[in-house]
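Chemist: For what it's worth, this note's numbering labels the leading residue of the sequence shown as 5, then goes sequentially.
Using N, Cα and C, we set each Cβ at its ideal position, and we do this for glycine too.
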Amino acid sequence: MRKSSKQFETEAIRTQMERTQFLEHSSPMYLTSSFVFEDAEDMRASFAEEKDRNIYSRYSNPNSSEFIDKVCKMEGAENGFAFASGMAAVYSTFVALLESGDHIVSCKSVFGSTHTLFTQFFPKWNITTSYFGANDLDTVEDLIKTNTKIIFVESPTNPGVDVLDLERLGNIAKKHGLIFIIDNCFASPYLQQPIQFGADLVIHSGTKLMDGQGRVLAGITVGSNELVDKVYRFSRITGPALSPFNAWVLSKSLETLALRVDRHCANALELATYLENHDKIEWVKYPFLTSHPQYELAKKQMKAGGCVVAFEVKGGLEAGKKFFDNIELLSLSANLGDARSIVTHPASTTHSKLSKEDRESVGISDGMVRVSVGLENIQDIIADIEQALE
Ligand SMILES: *Cc1c(COP(=O)(O)O)cnc(C)c1O
């Protein structure tokens with residue numbers, strides 16, 4: 005394991021590719037599709053993988069490698085591969101590890117596109133999935149079959165912000181010889197490092213808190229050398245590689261991850277606390293509110309509660325729509341983890357394709373609002389929500 009001797013923030017800032025002869029302070033951008041060889045022998049040895057060096061940017065690139073190195077240090081992982089989007093990471097990781105006939109055990113509350121991948125595309129290759137509820141970990145072992153290969157979860161979940169017991173799931177995976185994969189995007193590596201709880205692979209959409217300013221799409225998978233090597237072999241052939249430009253942006257963004265996420269979490273907790281005492285709000289859910297059903301677990305697994313607050317406006321769907329139409333400062337947008345606060349209405353947008361019953365089974369009511377709390381001054385965030393509720 006790439007055990008790090010320095011603190012999180014220091015590694016995020018000081019992990020850097022080798023300097024060139026110009027002795028630049030900030031890492032340069034290597035916008036190059038390929039790399040050159042000294043001679044025929046150098047080229048032969050490189051292709052034979054006798055040398056660890058860059059050949060072609062679909063395989064590796066100094067900017068992607070710097071980004072991967074940072075995330076590995078943050079997550080306590082041995083190795084990783086960087087992708088053009090979070091979904092490229094999810095898709096490529098599963099396909100690299102699975103064969104026709106394999107089975108996945110997954111939490112029901114997963115990112116919409118991941119759910120679609122499991123339900124609409126994997127069955128084409130005879131890969132099936134069984135689901136358990138975020139608050140129903142007792143059923144996980146019952147779902148495991150002889151052909152099960154992977155346990156997959158997200159925690160906290162989207163948009164219901166349920167918290168799953170990662171150590172318990174890690175132990176189940178170990179007991180049954182399964183690969184335990186976590187999409188850690190909602191927490192970011194700063195708040196939660198799932199490998200310490202038994203995760204074999206950790207996936208991120210770099211698009212969210214890692215970039216943090218809504219500029220680039222990216223994804224990454226990190227974990228053990230053995231599993232990452234399988235993901236790498238598949239991915240270098242199929243071509244989902246992250247662009248060096250986006251890798252450069254992300255590596256820079258990670259320098260401020262801890263600082264930004266601290267403020268996201270402080271703002272989110274303040275908003276959640278404010279809403280909890282509001283007479284126009286039915287309920288509010290945030291992992292670090294003492295009223296959250298898994299508050300103690302959240303405290304154990306996470307450094308802070310994250311940027312997402314979920315709540316229900318009294319009056320259901322109609323009241324929810326009215327609330328959205330009256331929002332002025334906050335953005336109505338599909339992203340999260342951005343410096344700009346974003347509100348979404350899961351029932352009419354991201355989860356509209358699910359039946360009302362299915363939505364309710366993953367904790368999405370008609371009047372539910374999801375706020376990704378940004379970095380604006382919290383007084384202005386609260387003021388906008390207050391006037392929209394009025
Ligand atoms: C956004 C997101 C993804 C997908 O990431 P993209 O970069 O949009 O492809 C996957 N998982 C979670 C939890 C997400 O929030």
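List the residues that DSSP assigns as beta-bridge partners of Gly227.
Modeler: Mapped onto the sequence shown, residue 227 falls at position 223. Looking at the DSSP assignment, Gly227 forms a beta bridge with Asn83 and Leu205.
Chemist: If you run the structure through DSSP and keep just helix, strand and coil, what is Thr242?
Modeler: Indexing the sequence shown from 1 puts residue 242 at position 238. In the structure shown, Thr242 sits in a helix (DSSP, three-state: H, G or I).
Chemist: Have a look at Phe12, Thr14, Asn58 and Thr277 and flag the residue whose alpha-carbon is nearest the alpha-carbon of Tyr34.
Modeler: Counting from one through the sequence shown, the residue named residue 34 turns up at place 30. Considering only alpha carbons, the answer is Asn58.
Chemist: Could you tell me the boundaries of the alpha helix (DSSP H) in which Met33 lies?
Modeler: The residue given as residue 33 occupies position 29 in the sequence shown. No alpha helix (DSSP H) contains Met33, which DSSP labels as neither H nor E.
Chemist: Ignoring anything shorter than 3 residues, give me the beta strand (DSSP E) runs that lie fully in the stretch 276 to 325, in order along the chain.
Modeler: Runs found: 285 to 289 and 312 to 317.
Chemist: Quick one: what's got a C-beta closer than 6 Å to Cys189's C-beta in the same chain, skipping five residues either side?
Modeler: By 1-based counting over the sequence shown, the position of residue 189 is 185. So the list reads His208, Ser209 and Lys212, once near-sequence residues are dropped.
Chemist: Sorry if obvious, but does the Cβ on Asp166 come closer than 7 Å to a heavy atom of ligand 1?
Modeler: Translated into the one-based positions of the sequence shown, residue 166 becomes position 162. Because no heavy atom of ligand 1 lies under 7 Å away, the Cβ of Asp166 does not count as near it: no.
Chemist: Taking only three categories from DSSP, how would you classify Leu336?
Modeler: Along the sequence shown, one-based indexing puts residue 336 at 332. Reduced to three states, the DSSP call for Leu336 is strand.
Chemist: Measure how close the beta-carbons of Val313 and Tyr290 come, nearest whole angstrom, since I'm counting them as under 8 Å.
Modeler: If you number the sequence shown from 1, residue 313 lands on position 309. If you number the sequence shown from 1, residue 290 lands on position 286. About 5 Å; that satisfies the 8 Å criterion.
Chemist: In three-state terms, what does DSSP make of Cys189?
Modeler: What you label residue 189 is simply residue 185 of the sequence shown in a count that begins at 1. DSSP places Cys189 in coil when its eight states are reduced to three.
Chemist: Contact check, Ser376 vs Asp342 under 8 Å by CB: the rounded distance?
Modeler: Here residue 376 refers to the residue found at position 372 of the sequence shown. Here residue 342 refers to the residue found at position 338 of the sequence shown. The Cβ separation is near 7 Å, so the contact holds.
Chemist: Could you give the C-beta distance for Val317 and Gly310, rounded to a whole number, given that I count them as a contact under 8 Å?
Modeler: Position 313 of the sequence shown holds residue 317. Position 306 of the sequence shown holds residue 310. Contact flag wrong, Cβ pair sits at about 21 Å.
Chemist: What residue does the beta strand (DSSP E) around His107 start on, and which one ends it?
Modeler: As a working note, residue 107 is residue 103 in the sequence shown. Here the beta strand (DSSP E) through His107 covers His107 to Cys111.
Chemist: So does Ser192 have its beta carbon nearer than 7 Å to some heavy atom of ligand 1?
Modeler: Here residue 192 refers to the residue found at position 188 when the sequence shown is read from its first residue. No.
Chemist: Between Asn250 and ligand 1, is the CB less than 7 Å from at least one heavy atom?
Modeler: If you number the sequence shown from 1, residue 250 lands on position 246. No, Cβ of Asn250 sits at least 7 Å from all heavy atoms of ligand 1.
Chemist: With a cut-off of 7 Å, give the chain-ordered residues whose Cβ is closer than this to any heavy atom of ligand 1.
Modeler: This criterion selects Ser89, Gly90, Met91, Ala92, Val94, Phe115, Ser117, Thr118, Glu158, Asn162, Asp187, Cys189, Phe190, Ser209, Gly210, Thr211, Lys212, Leu221, Ala222, Gly223 and Leu340.
Chemist: Does Lys212 come out as helix, strand or coil in the three-state DSSP assignment?
Modeler: As a first step, residue 212 is located in the sequence shown; it is residue number 208 there, counting from the start. Here Lys212 sits in coil by DSSP.
Chemist: Assuming the contact rule is C-beta atoms closer than 8 Å, Ile331 and Val347 should be a hit. Round their C-beta distance to whole Å, please.
Modeler: Residue numbering aside, residue 331 sits at position 327 when the sequence shown is read from its first letter. Residue numbering aside, residue 347 sits at position 343 when the sequence shown is read from its first letter. About 6 Å; that satisfies the 8 Å criterion.
Chemist: Would Phe71 be called buried (16 or more neighbouring beta carbons within 10 Å of its own) or exposed?
Modeler: Start at 1 with the first residue of the sequence shown, and residue 71 comes out as number 67. With 16 or more other Cβ atoms within 10 Å, it is buried.
Chemist: What is the DSSP secondary structure of Glu1, counted as helix, strand or coil?
Modeler: Outside the shown range of the chain (5 to 394) lies residue 1, about which nothing can therefore be said.
Chemist: Using the rule of at least 16 other Cβ atoms within 10 Å of the residue's Cβ for burial, across every protein chain shown, is Ala100 buried or exposed?
Modeler: The sequence position of residue 100 within the sequence shown is 96, counting from 1. Its Cβ being crowded by 16 or more others within 10 Å, Ala100 is buried.
Chemist: Where does Glu158 fall in DSSP's three states?
Modeler: Looking up residue 158 in the sequence shown gives position 154. Of the three classes helix, strand and coil, the one that applies to Glu158 here is strand, per DSSP.
Chemist: Using only the alpha-carbon positions, how far apart do Met395 and Ser345 sit?
Modeler: Any answer about residue 395 is impossible in this case: the structure gives the chain only from 5 up to 394.
Chemist: Alpha carbon to alpha carbon, what distance is there between Gly378 and Leu333?
Modeler: Here residue 333 refers to the residue found at position 329 when the sequence shown is read from its first residue. Here residue 378 refers to the residue found at position 374 when the sequence shown is read from its first residue. Their backbone Cα atoms lie some 11 Å apart in a straight line.
Chemist: Using 8 Å as the threshold, is the stretch 216 to 223 in touch with the stretch 250 to 268, meaning 3 or more CB pairs across them?
Modeler: At 8 Å Cβ cutoff, the stretches touch.
Chemist: Can you tell me where the alpha helix (DSSP H) holding Tyr95 begins and where it ends?
Modeler: As a position in the sequence shown, residue 95 is number 91, starting the count at 1. Run containing Tyr95: Gly90 to Leu101, per the alpha helix (DSSP H) assignment.
Chemist: For the alpha helix (DSSP H) containing Arg219, list its first residue and its last residue.
Modeler: Walking along the sequence shown from the start, residue 219 turns up at place 215. Counting along the chain, Arg219 falls outside any alpha helix (DSSP H), and DSSP gives it neither H nor E.
Chemist: Would you list the one or two residues that DSSP bridges to Val347?
Modeler: For the purposes of this step, residue 347 is identified with residue 343 of the sequence shown, where counting begins at 1. In the DSSP output, where bridge partners are listed per residue, Val347 has Leu336 and Val375.
Chemist: Taking DSSP's pairing of strands, which residues face Tyr60 in a bridge?
Modeler: The residue labelled residue 60 in the question sits at position 56 within the sequence shown. Tyr60 pairs with Ser38.
Chemist: Buried or exposed: where does Glu158 fall if 16 or more other Cβ atoms within 10 Å of its Cβ makes it buried?
Modeler: The residue you call residue 158 lines up with position 154 of the sequence shown. Buried is the call here.
Chemist: At the level of alpha carbons, what is the spacing between Met5 and Gln391?
Modeler: Within the sequence shown, numbered from 1, the residue matching residue 5 stands at position 1. Within the sequence shown, numbered from 1, the residue matching residue 391 stands at position 387. Residue placement at Met5 is flagged as unreliable, the pLDDT there being 41, under the threshold of 50; a coordinate-derived value is accordingly withheld.
Chemist: Taking the continuous alpha helix (DSSP H) assigned at Ser134, which residues delimit it?
Modeler: As a working mapping, residue 134 is identified with position 130 in the sequence shown. First-last for Ser134: Thr132 to Phe136, but that is the beta strand (DSSP E), not the alpha helix (DSSP H).
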